[in-house]
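With this note's numbering, letter number 61 in the sequence shown gets 122, and the count goes up by one each step, no holes.
Written out below as structure tokens is the structure these notes cover.
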Amino acid sequence: MNTIDKELESRRGEIHFGLEVLYNLNMRITGWDIPELDDNEASKKLFAMIEEELAKLKKEVNK
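Rendered as structure tokens:
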């Protein structure tokens, strides 16, 4: 494991926490806007959106 791997691995929990906050916040806001929200459907769509945006970011960063 090189230095970059060690650094990133040491922050894995922080990265997970940031993603968890992003997910939970968006689910909460969506629930406020749609009282009869189907949590399962919203969760699937939110994860798909997050994955799409991560793919876009990855493409931008790796130009």
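Where is the CB? At the ideal position from N, CA and C, for every residue including glycine.
Inset, instruction - Could you please give the first and the last residue of the uninterrupted alpha helix (DSSP H) stretch that includes N123? - result: The residue given as residue 123 occupies position 62 in the sequence shown. Segment: none, N123 is in no alpha helix (DSSP H) and carries neither H nor E.
Legend entry - Pick from E70, R73, A103 and G74 that is closest to K85, judged by C-alpha positions: The count along the sequence shown starts at 1 and reaches residue 85 at position 24. It should be noted that the sequence gives Asn, not Lys, for residue 85. Checking every option, the nearest Cα to that of N85 belongs to A103.
Legend entry - Straight-line gap, D94 to N87 (C-alpha atoms, nearest Å): One-based indexing of the sequence shown puts residue 94 at position 33. One-based indexing of the sequence shown puts residue 87 at position 26. Computed Cα separation, rounded: 11 Å.
Legend entry - For H77 and M62, the rounded distance between their alpha carbons: Residue numbering aside, residue 62 sits at position 1 when the sequence shown is read from its first letter. Residue numbering aside, residue 77 sits at position 16 when the sequence shown is read from its first letter. Cα to Cα, the separation comes out at about 20 Å.
Inset, instruction - Measure the CB-CB distance between G92 and L98 and report whether it falls below 7 Å. - result: Residue 92 sits at position 31 when you count from the first residue of the sequence shown. Residue 98 sits at position 37 when you count from the first residue of the sequence shown. Taking 7 Å as the Cβ cut-off, G92 and L98 qualify as a contacting pair.
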